[in-house]
Amino acid sequence: MKKLFVFLFISGSCYSQNLIYRQNADQILREIHSGHFGYYFMNPDFEFEFAPNKKRKELHIKKATRTFIGKKGKKTVTEMEFNSKGYLLSSKNPANKYEFQARFQDDSLQVYSLSKRKKSSTEIKREFSKGNKIKEEKLKNGKRDYLLEIAYTNSGKISQSTVLRKNDRYKMLYEYNSDDKLKKNTYFKNDKLRKSWNYECKAEGALEASNKTELISSRCEYKEESSDGSYILYERTLNEGTPYLSEKKFTKDSVMYEWNNYVNDSILKRSWHKSGEWENEVTYRKGKIRYQTKFRSNSKGQILEYQHFSKNAMIFPYKNTYDSNGNCVLQERFKPKEQEPTYLKKRVFNANGTMQSEEVFNKGKLSYRQFYEYTF
992 MKKLFVFLFI SGSCYSQNLI YRQNADQILR EIHSGHFGYY FMNPDFEFEF APNKKRKELH
1052 IKKATRTFIG KKGKKTVTEM EFNSKGYLLS SKNPANKYEF QARFQDDSLQ VYSLSKRKKS
1112 STEIKREFSK GNKIKEEKLK NGKRDYLLEI AYTNSGKISQ STVLRKNDRY KMLYEYNSDD
1172 KLKKNTYFKN DKLRKSWNYE CKAEGALEAS NKTELISSRC EYKEESSDGS YILYERTLNE
1232 GTPYLSEKKF TKDSVMYEWN NYVNDSILKR SWHKSGEWEN EVTYRKGKIR YQTKFRSNSK
1292 GQILEYQHFS KNAMIFPYKN TYDSNGNCVL QERFKPKEQE PTYLKKRVFN ANGTMQSEEV
1352 FNKGKLSYRQ FYEYTF
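For the sequence shown, the numbering used here gives the first residue as 992, with consecutive numbering after it.
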């Protein structure tokens, strides 16, 4: 089902990695709540496209050097060093006056990082217990930006998270049922209740009106089956007084081919469907198409073509070309109805799958080149 939203972040790259960095304490708690708190800060994975973390670990890459040459010929060199599990230990680019350092616990848990630029520095300090992060402190130019603390249940699930930032204290409480499934979140700012999310399952159709602080979320899916084995899954939710209906259609082999999201059971807000090789997602406003994306993938799930529309007019299409090893060696962006691409990205890969070089052209002119060397 995650494939529904892939179009949101593939348009600018042959790859789907997209690290998310949050910048306020409310969002820190949301990241923790959603289970993605590892991506908030400087992600220790550092998913470089030229050699992703998994590749660095498999090949035992110790060092990598990137030489960047701009369109005017200016050259800068970045040197990187990795530990045995592929995590970035250090990086420096003297020309850009940038330096990064990190320390790890058991080569896997980043307990400290320092990022320095010409006029600024950022430090992050972390503490772990049984592999779980229990404390994180971020300092900008030597001054605390925030302090995050996390407590866990005996089963290893988050029971409470708090953030101190400037003069404010943010807190999220987590409650679980007898099956150890999340049943409620309660969010406070400076000990004042701001919101609560109730996840306890309501009976089908028995949604209650939410009040000013509580957001009722019914996660009771109900199933409608057909004689041929195909079926539809429905889910009803109520968010701040507005009812939503999600409809997911599956073949008898449990392959989803259509998804629709309605407000008040009848007003279509978003839809997705697959027809042949192509997948299509549409966002509606007042019953009319607002945005539309279409894309098709190969057998490995890699995007071959991607098209973005505003209403019914195509804004731009992309095309990706892969080699026999699945490496994206060419990306082209076109203007509608034009045969020649306005943007080109060419890549050459080594036999082990690491990137050797990259060239980018805009309107037929070279924008930059990059070259990579590795130490194993």
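Just so it is clear, CB atoms sit at the ideal spot from N, CA and C, and this is done for glycine as well.
What you are looking at is a predicted structure, and each value in this text was computed from that prediction instead of being measured.
For this session: Could you tell me whether the region 1359-1366 touches the region 1043-1055, using the rule of 3 or more Cβ pairs below 8 Å?
Result: With contact defined as three or more Cβ pairs closer than 8 Å, the region 1359-1366 and the region 1043-1055 are in contact.
Exercise. Tell me which same chain residues have a C-beta within less than 8 Å of the C-beta of Gly-1122, skipping the five on either side of it?
Worked result: Spatial neighbours of Gly-1122 in its own chain (CB-CB distance under 8 Å, excluding positions within 5 residues in sequence) are listed in chain order as Leu-1100.
Exercise. Secondary structure at Met-1033, three-state DSSP: helix, strand or coil?
Worked result: Low confidence applies to Met-1033: its pLDDT is 38, below 50, so where it sits in the model is not reliable, and the reading given next is rough at best. Assignment of Met-1033 by DSSP, reduced to helix, strand and coil, places it in the coil class.
Exercise. Just curious, the alpha helix (DSSP H) that Asn-1044 is in, first and last residue?
Worked result: The continuous alpha helix (DSSP H) containing Asn-1044 extends over residues 1044-1050.
Problem set entry | Spatial distance of Trp-1269 from Lys-1337 (CA atoms) | If you draw a straight line from the Cα of Trp-1269 to the Cα of Lys-1337, it is about 25 Å long.
For this session: Can you grab the Cα-Cα spacing for the pair Lys-1302 / Ile-1125, in whole Å?
Result: Whole-angstrom Cα-Cα distance: 47 Å.
Problem set entry | Own chain residues within Cβ distance below 6 Å of Ser-1106, not counting five before or after | Result list for Ser-1106: Phe-1091 and Thr-1113, in chain order.
Exercise. Which residue's Cα is closest to the Cα of Ser-1218: Lys-1109, Thr-1242, Arg-1227 and Thr-1228?
Worked result: Here the closest residue by C-alpha is Thr-1242.
Problem set entry | beta strand (DSSP E) segment containing Glu-1128, residue limits | In this chain, the beta strand (DSSP E) harbouring Glu-1128 covers 1123-1131.
Problem set entry | Rounded C-alpha distance that separates Arg-1187 from Tyr-1165 | A quick correction: the sequence has Ser, not Arg, at residue 1187. Rounded to the nearest angstrom, the two C-alpha atoms are 10 Å apart.
For this session: Note down, in chain order, each residue of its chain lying with its Cβ closer than 8 Å to the Cβ of Val-1320, except the 5 sequence neighbours on either side.
Result: So the list reads Thr-1312, Tyr-1313, Asp-1314, Lys-1337, Arg-1338, Val-1339 and Phe-1340, once near-sequence residues are dropped.
Exercise. Taking all protein chains shown into account, do 16 or more other C-beta atoms lie within 10 angstroms of the C-beta of Gln-1330, making it buried, or fewer, making it exposed?
Worked result: Burial check for Gln-1330: the Cβ neighbour count within 10 Å stays below 16, so the residue is exposed.
Exercise. Should Ala-1142 go down as buried or exposed, given a rule of 16 or more other Cβ atoms within 10 Å for buried?
Worked result: Within a 10 Å sphere around the beta-carbon of Ala-1142 sit fewer than 16 other beta-carbons, which makes this residue exposed.
Exercise. Would you report the Cα separation of Arg-1276 and Lys-1328, rounded to the nearest angstrom?
Worked result: Cα to Cα, Arg-1276 sits roughly 27 Å from Lys-1328.
Exercise. Going by alpha carbons, who is nearest to His-1051 out of Met-1071, Ile-1306, Asp-1159 and Gly-1077?
Worked result: It is Gly-1077 whose Cα lies nearest to the Cα of His-1051.
Exercise. Run through DSSP, which three-state label would Ala-1142 get?
Worked result: The DSSP-derived three-state label of Ala-1142 is strand.
For this session: Say yes only if the C-beta of Lys-1083 is nearer than 7 Å to one or more non-hydrogen atoms of the ligand PLP, and no if none qualify.
Result: Only the bare structure without any ligand can be found here, which leaves the ligand PLP out of the picture.
Exercise. Exposed or buried, what is Gly-1196 when buried is set at 16 or more other beta-carbons lying within 10 Å of its beta-carbon?
Worked result: Confidence is the limiting factor: at Gly-1196 the pLDDT is only 45, short of 50, which leaves the residue's position unreliable, though a coordinate-based value still follows. So Gly-1196 ends up on the exposed side.
Problem set entry | Run of the beta strand (DSSP E) containing Ser-1217, from where it starts to where it stops | Unbroken run through Ser-1217: none, as it is neither H nor E.
Exercise. Is Pro-1370 helix, strand or coil by DSSP?
Worked result: With the chain represented from 992 up to 1367, any question about residue 1370 goes unanswered, as that position is not in the structure.
For this session: Note the first and the last residue of the continuous beta strand (DSSP E) segment covering Pro-1234.
Result: 1233-1241 is the span of the beta strand (DSSP E), which, as asked, contains Pro-1234.
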